[in-house]
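Numbering (our numbering), first residue to last: 63 to 505. Backbone N, C-alpha and C fix where the C-beta goes; we use that ideal spot for every residue, glycine too. Written below as structure tokens is the structure these notes are about.
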Amino acid sequence: MVKARFAPSPTGFLHIGGARTALFNYLYARAQKGVFVLRIEDTDRVRSKKEYEEEILSSMKWLGMDWDELYYQTDRFDLYKEYAEKLINEGKAYKDGEAVLLKVNSEEIKIYDIIRGEITFDTSNFILRDENNKPVLDKEGNTQLKDEVLIKSDGSPAYSFCCAIDDALMEITHVIRGEDHISNTPKQILIYQALGLKPPKYAHLPLIMGEDGSRLSKRFGAVAVSDYKLKGYLPDALDNYLMLLGWSPGNNQEIITIENAIKKFSIKKVNNSAAIFSMDKLNWVNSEYLKQKSVDQVIELLEERLKSKGFIDDDTDNDWLGKIVDLYKGRISTLNDFLEWTDFFFTDNYEVDQDAAQKHLVTKLKDVFSQLTDSFEGVETFSAENVEKTFKEKVTALQLKSSDLIHPLRVALTGKAVGPSLFHIAAILGQKRVVERLKKSLP
RNA sequence: GACCCCAUCGUCUAGUCUGGUCCAGGACCCCAGCUUUUCAAGCUGGUAACGCGGGUUCAAAUCCCGCUGGGGUCGCCA
């Protein structure tokens with residue numbers, strides 16, 4: 063039975079890279095009909111925060127990853143101590159003040175990585191260094207091996223020790239984690255050897271880099287999963303994009319649900335080179351998911367945002383809102399885009415593109431605008447078709463091209479230089495507001 | 001610096017294990033055309049890659065070696 067785990071440390075929000083690691087573990091566990099374990103590595107009591115832990119759990123749920131078992135390392139401190147004492151008694155580890163260190167000898171350690179194949183380490187390279195990273199030499203001028211810290215001076219267990227013991231006792235069969243952990247692996251193997259426990263199988267995932275090829279960091283912008291939620295990305299779309307970073311379902315497929323990915327996922331097919339995070343592609347994936355949603359579903363997703371903006375309230379006509387959503391849902395990338403592009407429907411205090419206004423709202427159009435206003439006022443049923451018909455008649459009568467007037471009209475009605483069908487916009491806006499805005503636009 | 005990992009279009013990738021079907025396929029981005037009322041939508045098309053040098057072989061993106069380049073680790077953080 064396959065058992066995989068995701069082991070975040072609650073010293074920060076769930077990072078986009080962490081989410082991808084979690085996702086690959088989840089995909090693998092589910093694909094193998096195995097068990098997915100979530101283990102909170104909260105041994106650093108100073109930096110670990112309850113709010114981070116809660117945020118990690120809720121982000122995991124939001125992304126649709128459910129776990130079968132949940133552990134906290136702080137609940138297991140006695141266990142780690144017990145094993146440390148055992149190693150001391152066996153003469154494999156020793157006390158240094160309150161700390162416990164594992165004796166490291168020169169040896170070759172081979173690990174087999176499912177993604178990369180065999181990786182060999184020589185522990186004679188694990189040498190003691192001073193604060194300037196210079197090797198510390200003994201009296202004879204030789205470098206010295208650095209023993210592995212098992213228990214720290216404050217009595218708390220060290221990362222690799224907990225990790226090795228937990229993976230063994232929880233019977234984790236596959237450790238799938240970031241490439242940055244490759245160099246921790248031989249240390250953990252050393253611990254397994256000392257403990258006489260069988261190490262799990264390893265798969266080290268390639269890292270995700272920022273657009274400039276450097277590490278994903280705060281400078282990159284949004285790194286927390288919750289940031290993406292806030293910006294209006296859908297969890298399925300984020301999952302989809304994240305799994306495409308280092309894995310491909312084949313058949314040139316780009317859009318795939320978690321359920322289908324589980325059917326196709328193979329850890330062996332995971333790529334071994336780092337991938338750069340592309341906001342453009344994420345936006346595209348998200349827009350694809352938005353397109354697939356029904357108008358009602360998008361309204362539901364949008365509701366909270368629209369309310370907090372004061373754009374809608376309980377009295378808002380849902381059919382009217384549906385028309386707006388229908389007009390825009392095919393062309394937005396995120397839910398927040400919708401708010402930006404449609405503000406003029408909901409308030410007269412909408413944002414005006416000043417460049418566009420200056421370019422198109424010129425005084426020489428005053429007469430034309432006032433004629434157009436009269437025509438619009440005379441429309442009986444203010445439908446998109448009738449608005450279009452009226453507009454075109456006027457344009458022809460004035461011996462103009464549609465595009466001569468459509469831009470100014472758009473800016474006058476929406477404050478924007480771009481958007482979907484203007485006649486549909488006008489119809490949704492309604493005759494009264496269209497006329498008002500036209501009159502106000504060129505005083 | 002030491003150790004380790006990696007290397008196909010600008011980006012994500014297919015192909016690499018099991019060499020020939022690949023003068024390298026798809027997607028994002030970008031560009032052009034069409035449509036349209038503008039486009040940031042839709043449709044059609046286009047530009048664009050096997051890092052370099054050596055081998056092995058009848059044949060190499062695929063195997064081997066070297067170089068170069070990128071990344072990771074070097075905490076009593078996780």
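Per DSSP, residue 240 is one residue of the beta strand (DSSP E) stretching across 236-240. In this structure, the straight-line span from the alpha carbon of residue 153 to that of residue 82 is close to 41 Å.
Here the alpha carbon of residue 74 sits roughly 30 Å from the alpha carbon of residue 330. Residue 176 holds the alpha-carbon nearest to the alpha-carbon of residue 267 among 176, 95, 485, 300. By the CB criterion at 8 Å, residue 227 and residue 145 fall inside the cutoff.
Residue 337 is not a Cβ neighbour of residue 244, given a cutoff of 8 Å. Rounded to whole angstroms, the gap between the alpha carbons of residue 376 and residue 363 is 16 Å. Comparing C-alpha distances from residue 431 to each of 231, 379, 499 shows the shortest one belongs to 499.
By the Cβ-count criterion, residue 276 is exposed, with fewer than 16 other Cβ atoms from all chains shown falling within 10 Å of its own Cβ. Bridge pairing for residue 101: 133 [DSSP]. For residue 180, the pairing in a beta bridge is given by DSSP as 174. Between residue 92 and residue 317, the C-beta spacing is not below 8 Å.
Around the C-beta of residue 71, 16 or more other C-beta atoms lie within 10 Å, and the residue is accordingly described as buried. Contact fails between the stretch 341-357 and the stretch 124-139, because fewer than three Cβ pairs, one in each stretch, are under 8 Å apart. Inter-residue distance for residue 182 and residue 248 is about 9 Å (C-alpha atoms, whole angstroms). For the pair residue 443 and residue 474, the Cα-to-Cα distance works out to about 21 Å.
A Cβ-Cβ separation of about 5 Å places residue 65 in contact with residue 234 under the 8 Å criterion. Note on residue 229: 16 or more other CB atoms within 10 angstroms of its CB, so buried under the neighbour-count rule. Of all alpha-carbon atoms in 162, 180, 161, 185, the one lying nearest the alpha-carbon of residue 169 is that of 185.
The alpha carbon of residue 190 has as its nearest neighbour, out of 180, 291, 206, 104, the alpha carbon of 206.
Secondary structure note for residue 157: its beta strand (DSSP E) is the uninterrupted segment 155-158.
In the DSSP annotation of this structure, the continuous segment of the alpha helix (DSSP H) that includes residue 144 starts and ends at 139-151.
The stretch 96-116 makes no contact with the stretch 256-266: fewer than 3 CB pairs, one atom from each, lie closer than 8 Å. Rounded to the nearest whole angstrom, the CA to CA distance from residue 319 to residue 472 is 38 Å.
Unbroken alpha helix (DSSP H) stretches of 4 residues or longer found wholly inside the stretch 64-98: 78-93, given in chain order. With the rule of 3 Cβ pairs closer than 8 Å, the stretch 192-200 does not count as touching the stretch 285-305.
Residue burial is scored here from C-beta neighbours: residue 63 has fewer than 16 other C-beta atoms within 10 angstroms and is therefore classed as exposed.
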